[in-house]
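Engineer: Encoded as C-alpha cells, here's the structure I'll be asking about.
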C-alpha cells in the first residue's frame, strides 16, 4: 500500500490479486492398460484424488486417451477409429467423432480452447501419408490442421500457447505453431514411445521403452531423467510438473506408474503390481485460470476502482 500526501489531497494506491483454485479434475489421471502384446482389449481407468479408481469398461483396444479442459474423458478405439466420450465420473456419453483415417499411432490431444487434435495415418499408401485433424468441442470436424511427416505417430501434446508436438516412431518430434506451421523437427536418438510437456514446455520423451529423456522446446537435449526401472511405455505430467511414468517390470504381472520430479528424483509409486502396462496416460489439457487484479485509487476521498482480467496459469 502506498500513500502520497500533497496538501489536502492524497492518493492511496492498493493492489489486490485474487488467486483461483484449480478445478477438481485437474489431477485426474486417465490410463489405458493392456495386459499382453497383441491383446485386442484393454481396461481404461480414471484415478481421482482421494476417490477409488473407476473402470470405464471399454470393450476395444484403447490406443490413446485424453481429458478435455472440462474434465471429460476421451478414449480412442484402434479398430473403429472412433473416439468415445465419457463424463469426468466415467459415465458413457457416446461417440464423440470418427476419424477420417485409421488412428494406428494414437496421437490425440486437446488445446486450451477445447478443440481435439488427432494424428491419422493412411496405412494403405506406400509413404504412410499422415496428417493432424482438428475437431471442435462438439465433435464437428474442423478440417486438417497440418500435414505431418510420413509414418505412424505414437503421441501428441499441446502447450498453453497452442504449439503442437507430435512424435513419430522414426525417432523425431515435430513442433507446429498454433496456425499449423511447422516450426522445427528434432531427433531424439531412438524409437519414440510417448511424449509429455511440463508448464515450461520442456519435452519429456520415452525412448526405446527404456528411458525418459528431456528436451527444450527447440530440441536441445536436457539429459536423461529416468532409466533402469524396467520396460517404459507411457508418460504424463500433472499440473505441478510431476512426471508419471508408466511401464512394467514383468510385462504381464508387475505394471507400474511411478512419480518423478522434473529433475528425475523418484517421488514414489503411484500404482504398482498391476497386470499389464499403461499403454497411454493423460491429465487434463492445460488451461490458464483467470484471476482478477483490482487497482483502487482514492483522491480527496473519492475512490476509482479499476479491474482487469488476467491469466494466472500454473499444465500436459
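Numbering (our numbering), first residue to last: 906 to 1221. Ideal Cβ positions, reconstructed from N, Cα and C, are used throughout, including at glycine. None of these values were measured; they are calculated from a predicted model.
Using the C-alpha atoms, what's the distance from residue 1041 back to residue 1001?
Structural biologist: 10 Å
Engineer: Please list, in chain order, all residues of the same chain as residue 1023 whose beta carbon is under 6 Å from its beta carbon, the five residues on each side excluded.
Structural biologist: 1004, 1013 and 1038
Engineer: With distances taken from CA atoms, which of 1169, 1143 and 1175 is nearest residue 1151?
Structural biologist: 1175
Engineer: When the Cα atoms are used, what is the spatial distance from residue 959 to residue 1167?
Structural biologist: Across the structure, residue 959 and residue 1167 are spaced so that their CA atoms are roughly 28 Å apart.
Engineer: Label residue 1079 either buried or exposed according to how many other C-beta atoms from any shown protein chain fall within 10 Å of its C-beta, with 16 as the threshold for buried.
Structural biologist: buried
Engineer: From 1036, 1044 and 1081, pick the residue whose C-alpha is nearest to that of residue 1052; which is it?
Structural biologist: 1036
Engineer: Tell me whether the beta-carbon of residue 1098 lies closer than 7 Å to the beta-carbon of residue 1114.
Structural biologist: yes
Engineer: Residue range of the beta strand (DSSP E) that residue 982 falls in?
Structural biologist: Per DSSP, residue 982 belongs to the beta strand (DSSP E) from 978-982.
Engineer: For residue 1109, is the beta carbon positioned less than 6 Å from some heavy atom of the ligand PLP?
Structural biologist: Absence of the ligand PLP is noted for the structure shown, with no ligands found whatsoever.
Engineer: Give the straight-line distance between the Cα atoms of residue 1173 and residue 1145, rounded to the nearest whole angstrom.
Structural biologist: 15 Å
Engineer: Entirely within the segment 1102-1162 and at least 3 residues each: give me those beta strand (DSSP E) ranges in chain order.
Structural biologist: Counting only runs of 3+ residues, the beta strand (DSSP E) found wholly inside the segment 1102-1162 occupies 1108-1112, 1116-1120, 1126-1132, 1136-1142 and 1148-1153, in chain order.
Engineer: Within a Cβ cutoff of 6 Å, which residues of the same chain sit near residue 949, ignoring the five residues on either side of it in sequence?
Structural biologist: 937, 961, 963, 967 and 980
Engineer: Quick check: the Cα distance between residue 996 and residue 930, rounded to an integer number of angstroms?
Structural biologist: Going from the Cα of residue 996 to the Cα of residue 930 covers about 15 Å.
Engineer: Grab the span of the beta strand (DSSP E) containing residue 862 for me, first residue to last.
Structural biologist: Only positions 906 to 1221 of the chain appear in this structure, which leaves residue 862 out of reach.
Engineer: Once you ignore the five residues that flank residue 1142 on each side, which residues in its own chain have a CB closer than 6 Å to its CB?
Structural biologist: So the list reads 1101, 1103, 1148 and 1221, once near-sequence residues are dropped.
Engineer: Could you tell me which of 1137, 1190, 1169 and 1171 sits nearest to residue 1182, measuring between CA atoms?
Structural biologist: 1137
Engineer: At the level of alpha carbons, what is the spacing between residue 1162 and residue 1169?
Structural biologist: 14 Å
Engineer: Since I believe residue 947 is in contact with residue 1186 (beta carbons under 8 Å), could you give me their beta-carbon distance rounded to a whole number of angstroms?
Structural biologist: Not confirmed; about 13 Å, so no contact.
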